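Protein chains in written order, with full-length UniProt numbering: chain C, 1 to 525; chain G, 1 to 253.
What follows is one structure encoded as structure tokens, with my remarks underneath.
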Amino acid sequence: MRRLSQILALIALCLTGEKAQAQERPSFIEGGVLRVCTNPTLPPMTFVNGADLSALDGFDIALARALGAYWQVPVEFETMDFTGLFPSLSAGRCGLVMSGVLKQTSRERLFDAVAYLETSPVIVAPEKIAPVNSFDALAGQSLAVESGTSYAARIEEINQELAARGKPPIALQQYPSEDQVVQQVLVGRVQNFLSQDVELFYREAQLGGKLHVIYSPHLPGYSEFALYLRRAGQDRALLASALDTLRQKGDIAALEKKWNVGSAARKALGVATQRPRFNTTTFFSALFSMAFLKGAGMTLAIALASHATAIVLSIPIALKLNAPRSLWHPFLRAYVAVFRGAPTLLQLLFIWNALPQFFPIFRESWFSPFLATWICLSINESAYQVEINRAALSAIDPGQLAGGQALGMSQAQIYRHVIFPQALRVALPPTINEFISLLKTTSLASVISLQELLFITQVQVARSFEFTEYYAAALVYYLAMVFAFLHLQKRIETRFVWASRDGAAREAGKSVRALPEAGGPRHAA
Amino acid sequence: MLHNLPPNPDCALSLRKMSKFYGEFLALDRISLDIGHGEKIVVLGPSGSGKSTLIRTLNRIEPHDSGVLMIDGEIIDDKTSLPLLRGAVGMVFQNYNLFPHLTVLQNCMLAPRLVRKAHYDATDSLARHYLEQVGIAEQADKYPIQLSGGQQQRVAIARALCMAPDIILFDEPTAALDPEAIKGVIGIIDALSERRITTICVTHEMGFARHIADRVVFMDKGTILEVAPPESFFSNPQTERARHFLNQMIHHG
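Following this line, the structure appears as structure tokens:
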């Protein structure tokens, strides 16, 4: 796909010929591709517009494409959680962060930044709340902000000023995405939220006039959006001159107009439109949408692949650990302890963000979120599965091994035909239990942009704000999958007829009834 | 003394100064013994005397550490093929160790299929033949959990017979059986002996030993103290240790 787009870019280059002289390209364009990291949950800057997840849209996305055209290279977007943007930039997974990120000195200590759009912070509250003109009026109230942004630190500073004047602090609550921040005020858990004006302009219709801006404070460091890049050579200057050229050509003004941002859009939130509490049309169209089906498919695929790999990994480890002590023991014990001990989310972030810093090969595009999640969950799950397998193997009477040996069977034959079939019965219920837990754990992979069910849900919520409907659709999918596996477990358990007198008797009854049809001499000897 | 004679290749089993250690502990101390084809041997002795260890060394579930073990004229050592040895020396465990996930018939068929690579139909008729011989042909399609202790033991015997052994080792064959079932085992072992299959039983049951044994081997602390026909062993034991053991058995057993 990428090669195709490179060829197209090359053809475009040939066609335009002499007219479009190639601009000097900054070094963050690697392999002839401009890679951009973005968290597509911040409309109108960057978001998914519609049910198709690959259809990124917004001001930043359009600007990225304009930059790509300027340098005559194809643009590729890496979508991820907001907290993953800067680790990914430093890991080299992309050349630019374009995700409605504010230009702030704390970030500029580590990365270069080039401003591209004016903005203003806004305090938003339900419509019945009257506008205020200072932070003093918010003292003692609750305020939601997006985590990973610098709003929280800024509010702490304001709290210190409030405290110095003997006023109660603003109670800060942090949520992982912008849409969740807005939801807290909509459901009435939090009194106000702090955001940027551009998003409010866009949300106007969805919020249905329930919210409005009560205060637009002047906060230095919150008045410009910037593109971030790694500090290297002339890159910053080249990017700035590219933006200048686009501005002179009027391209940026056209984008501002299209997306209702920038100086053109400074206006209050507006018209009230009534929205039902639960829109069944949205719910059903989400339930039967390709996007949700694909998301559920991805969840199922990653869970099955990871658990299958985990089982394959765990059997030899369990056998080794159950055998008499050997040199392997301390290493295998450490393996189990580490991967059972560390939070799964931390392991995911480690593999995705930290690994490329040590091994550049993991930056390349073959190392997809699916692969990273698969590796992480397989290893993580194998540590749990080892304990299940050990317990199951220990539950088998050692006499079974002796019985097999006395009949001249090899160790491998005994395990294959005698031990494993019996251990399977013991291991199966906890294994399916573990699988169900894993099926739900896969939702963590949304932080490294794996497009599983929860990721799809969040993207849709960010676009439309119909969160109850989309959450309900996701819930239906998760429950349907879990119930299917619980049913499967029951079906499999009834096959172990030999384990109880009743079950064995039922099975024997069946074969007796089947006897006449089987025919043939029963006592050939 | 047998100790100083060469092993006898005409015997089913011939042991010379065979010893077995568990770490520092000497479990078998220079055992020498000759057992003929079709002979019925009962090994008696107090707990920990080494009698169970002795029969476990005979099919190398516990390999011996020194001395000579000869079976059917072949010296048994590290180079011996275990499938071949265990085909020649079958074993019936105290708890039978049937495979609970397989039916009676499948229990009997598994080893011939895997070890001997025998054809399915041939194995099937072989297994049914031996199940009939031990009197439980009608239980072929049941699972072990459905059978009584005595029936399970018969399955274990049939399963061992399917490998066509020359020798069958019995570890406490009567431990979990009622008197009726014990009679049945005696009948089966007599029938084996008629077919020149050697049987070696470890037991605590004096009545059973008296009934079945051609010779009784009395062991204590890893050594053989007496080898004698049951009539003379039970009426006139030669060692103080054996007398003491028999007295205790009469009072408590």
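Where is the CB? At the ideal position from N, CA and C, for every residue including glycine.
The structure displayed is predicted, hence computed values, not measured ones.
Item to complete: Answer with buried or exposed for residue 116 of chain C, where buried requires no fewer than 16 other C-beta atoms within 10 angstroms of its C-beta.
Response: By one-based count along the first sequence, residue 116 of chain C stands at place 116. Buried: at least 16 other Cβ atoms inside 10 Å.
Discussion item. Quick check: the Cα distance between residue 119 of chain C and residue 99 of chain C, rounded to an integer number of angstroms?
Written reply: Numbered from its first residue, the first sequence carries residue 119 of chain C at position 119. Numbered from its first residue, the first sequence carries residue 99 of chain C at position 99. In this model, residue 119 of chain C and residue 99 of chain C are separated by some 14 angstroms (Cα to Cα).
Item to complete: Pull out every residue of the stretch 396-411 of chain C whose Cβ sits closer than 7 angstroms to any Cβ of chain G, in chain order.
Response: Hits within the stretch, in order: 399, 400, 402, 403, 405, 406, 407, 408 and 409.
Fill in: Members of the stretch 62-78 of chain G near chain C, C-beta cut-off 8 angstroms
Answer in chain order: no residues at all.
Worksheet item: Name the chain C residues that come within less than 7 angstroms of residue 91 of chain G, Cβ to Cβ?
Response: Here residue 91 of chain G corresponds to residue number 91 of the second sequence, with the count starting at 1. In chain order: 406.
Discussion item. Under 8 angstroms, with one C-beta from each stretch per pair, do the stretch 158-177 of chain G and the stretch 190-201 of chain G reach the 3-pair mark?
Written reply: By the Cβ criterion, the stretch 158-177 of chain G is in contact with the stretch 190-201 of chain G, since at least three pairs of Cβ atoms, one from each stretch, lie closer than 8 angstroms.
Item to complete: Could you please give me the residues that DSSP links to residue 196 of chain C through a beta bridge?
Response: Locating residue 196 of chain C in the first sequence gives position 196, where the first residue counts as 1. The partner list for residue 196 of chain C (beta bridge, DSSP) reads C:121.
Worksheet item: residue 86 of chain G CB to nearest chain C CB: under 8 angstroms?
Response: On the second sequence, residue 86 of chain G is found 86 positions in, with the first residue counted as 1. Taking Cβ atoms only, chain C reaches closer than 8 angstroms to residue 86 of chain G, which makes this a yes.
Discussion item. For the beta strand (DSSP E) containing residue 201 of chain G, name the first residue and the last one.
Written reply: Position 201 of the second sequence, counted from the start, is the residue given in the question as residue 201 of chain G. It spans 198-202 - the beta strand (DSSP E) in which residue 201 of chain G sits, taken as one unbroken run.
Worksheet item: Does DSSP put residue 134 of chain G in a helix, in a strand, or in coil?
Response: Position 134 of the second sequence, counted from the start, is the residue given in the question as residue 134 of chain G. If DSSP states are grouped into helix, strand and coil, residue 134 of chain G belongs with coil.
Worksheet item: So, using beta-carbon positions, are residue 194 of chain C and residue 145 of chain C closer together than 8 angstroms?
Response: In the first sequence, the residue the question calls residue 194 of chain C occupies position 194. In the first sequence, the residue the question calls residue 145 of chain C occupies position 145. Yes; because the gap between Cβ atoms is below 8 angstroms, this pair is in contact.
Discussion item. For a cutoff of 8 angstroms on Cβ pairs, would you count residue 95 of chain G as touching chain C?
Written reply: Here residue 95 of chain G corresponds to residue number 95 of the second sequence, with the count starting at 1. Yes, its Cβ sits closer than 8 angstroms to a Cβ of chain C.
Item to complete: Alpha carbon to alpha carbon, how far is residue 321 of chain C from residue 385 of chain C? Give it in angstroms, no decimals.
Response: Your numbering for residue 385 of chain C matches position 385 in the first sequence. Your numbering for residue 321 of chain C matches position 321 in the first sequence. Looking at the two C-alpha atoms, the distance is approximately 13 angstroms.
Fill in: Sequence-distant residues of its chain with Cβ nearer than 7 angstroms to residue 332 of chain C (five each side left out)
Here residue 332 of chain C is taken as the residue at index 332 of the first sequence, counted from 1. Closer than 7 angstroms at Cβ, skipping near neighbours: 317, 320 and 321.
Worksheet item: From what residue to what residue does the alpha helix (DSSP H) around residue 32 of chain C run?
Response: In the first sequence, the residue the question calls residue 32 of chain C occupies position 32. Careful: residue 32 of chain C lies outside any alpha helix (DSSP H) and carries neither H nor E.
Discussion item. Run through chain G and tell me which residues come within less than 9 angstroms of residue 421 of chain C, C-beta to C-beta.
Written reply: As a first step, residue 421 of chain C is located in the first sequence; it is residue number 421 there, counting from the start. Neighbours of residue 421 of chain C across chain G, judged by C-beta separation under 9 angstroms: 99, 101 and 102.
Discussion item. Less than 8 angstroms between CB atoms is the rule here; does residue 426 of chain C satisfy it with respect to chain G?
Written reply: Taking the first sequence and counting its residues from 1, one reaches residue 426 of chain C at position 426. No, its Cβ sits nowhere closer than 8 angstroms to a Cβ of chain G.
Discussion item. Let's see if you can read the secondary structure: which residues bound the alpha helix (DSSP H) around residue 329 of chain C?
Written reply: Counted from its first residue, the first sequence places residue 329 of chain C at position 329. From DSSP, the alpha helix (DSSP H) with residue 329 of chain C extends over 328-341.
Worksheet item: Once you ignore the five residues that flank residue 526 of chain C on each side, which residues in its own chain have a CB closer than 7 angstroms to its CB?
Response: Since the first residue of chain C shown is 1 and the last is 525, residue 526 of chain C is not available in this structure.
Discussion item. To the nearest angstrom, how far is the alpha carbon of residue 267 of chain C from that of residue 65 of chain C?
Written reply: In the first sequence, counting from the first residue as 1, residue 267 of chain C sits at position 267. In the first sequence, counting from the first residue as 1, residue 65 of chain C sits at position 65. Confidence is the limiting factor: at residue 267 of chain C the pLDDT is only 45, short of 50, which leaves the residue's position unreliable, though a coordinate-based value still follows. Within the model, the alpha-carbon separation for residue 267 of chain C versus residue 65 of chain C is close to 28 angstroms.
Fill in: Boundaries (first-last residue) of the alpha helix (DSSP H) holding residue 460 of chain C
In the first sequence, the residue the question calls residue 460 of chain C occupies position 460. Its alpha helix (DSSP H) spans residues 453-464.
Practice prompt. Thinking residue 380 of chain C and residue 344 of chain C are a contact (beta carbons under 8 angstroms), I'd like their distance in whole angstroms, please.
Written response: Sequence index remark: in the first sequence, residue 380 of chain C carries index 380 (1-based). Sequence index remark: in the first sequence, residue 344 of chain C carries index 344 (1-based). Right, their Cβ atoms sit about 5 angstroms apart.
Worksheet item: For residue 339 of chain C, is the classification buried or exposed, using 16 other Cβ atoms within 10 angstroms of its Cβ as the cut-off for buried?
Response: Counting from 1 along the first sequence, the entry for residue 339 of chain C is found at position 339. The residue in question, residue 339 of chain C, is buried, as its Cβ has 16 or more Cβ neighbours within 10 Å.
Practice prompt. Could you spell out the range, first to last residue, of the beta strand (DSSP E) harbouring residue 70 of chain C?
Written response: Locating residue 70 of chain C in the first sequence gives position 70, counting from the first residue. Premise fails: residue 70 of chain C lies in the alpha helix (DSSP H), 59-71, not in any beta strand (DSSP E).
Discussion item. To the nearest angstrom, how far is the alpha carbon of residue 168 of chain G from that of residue 491 of chain C?
Written reply: As a working mapping, residue 168 of chain G is identified with position 168 in the second sequence. As a working mapping, residue 491 of chain C is identified with position 491 in the first sequence. So the two alpha carbons sit approximately 41 angstroms from each other.
Discussion item. Does the CB of residue 358 of chain C have a neighbour CB from chain G at under 8 angstroms?
Written reply: For the purposes of this step, residue 358 of chain C is taken as residue 358 along the first sequence, with counting starting at 1. No, residue 358 of chain C does not count as interfacial toward chain G.
Worksheet entry | Meets three-Cβ-pair contact criterion under 8 angstroms: the stretch 37-55 of chain G and the stretch 213-225 of chain G | The way I'd put it, the stretch 37-55 of chain G does touch the stretch 213-225 of chain G; three or more beta-carbon pairs between them come closer than 8 angstroms.
Discussion item. With a threshold of 6 angstroms on Cβ separation, who are the neighbours of residue 377 of chain C within its own chain once the five nearest residues in sequence on each side are excluded?
Written reply: On the first sequence, residue 377 of chain C is found 377 positions in, with the first residue counted as 1. The residues 306, in chain order, have a CB closer than 6 angstroms to that of residue 377 of chain C in the same chain once the five nearest residues on each side in sequence are set aside.
Worksheet item: What three-state label does DSSP hand residue 67 of chain G in the structure shown?
Response: Translated into positions along the second sequence, residue 67 of chain G becomes position 67. Looking at residue 67 of chain G - three-state DSSP - the assignment turns out to be strand.
Practice prompt. Closer than 7 angstroms, Cβ to Cβ, to anything on chain G: give me those residues from the stretch 327-348 of chain C, in chain order.
Written response: The residues in question: there are none.
Item to complete: Note down, one range per segment and in chain order, each beta strand (DSSP E) of at least 3 residues found wholly within the stretch 191-247 of chain G.
Response: Within the stretch 191-247 of chain G, the complete beta strand (DSSP E) runs of at least 3 residues are 198-202, 215-220 and 223-228.
Worksheet item: residue 83 of chain C lies in the alpha helix (DSSP H); which residues open and close that run?
Response: Indexing the first sequence from 1 puts residue 83 of chain C at position 83. No residue range can be given for residue 83 of chain C, since it is assigned to no alpha helix (DSSP H) and is classified by DSSP as neither H nor E.
Discussion item. Between residue 83 of chain G and chain C, is any beta-carbon pair separated by less than 8 angstroms?
Written reply: Residue numbering aside, residue 83 of chain G sits at position 83 when the second sequence is read from its first letter. So yes, residue 83 of chain G belongs to the interface.
Worksheet item: To which residues of the same chain is residue 127 of chain C closer than 7 angstroms at the C-beta, ignoring the five residues directly before and after it?
Response: Within the first sequence, residue 127 of chain C is the residue found at index 127, counting from 1. Within the same chain, and ignoring the five residues on either side of residue 127 of chain C in sequence, the residues whose Cβ sits closer than 7 angstroms to its Cβ are 209, 210, 211 and 212.
Discussion item. In whole angstroms, give me the CA-to-CA distance for residue 8 of chain G and residue 227 of chain G.
Written reply: For the purposes of this step, residue 8 of chain G is taken as residue 8 along the second sequence, with counting starting at 1. For the purposes of this step, residue 227 of chain G is taken as residue 227 along the second sequence, with counting starting at 1. Roughly 17 angstroms between the two C-alpha positions.
Worksheet entry | Close Cβ partners of residue 135 of chain C (< 6 angstroms) along its chain, the five nearest in sequence each way excluded | Translated into the one-based positions of the first sequence, residue 135 of chain C becomes position 135. Excluding residues within five positions, the ones whose Cβ falls inside 6 angstroms are 158.
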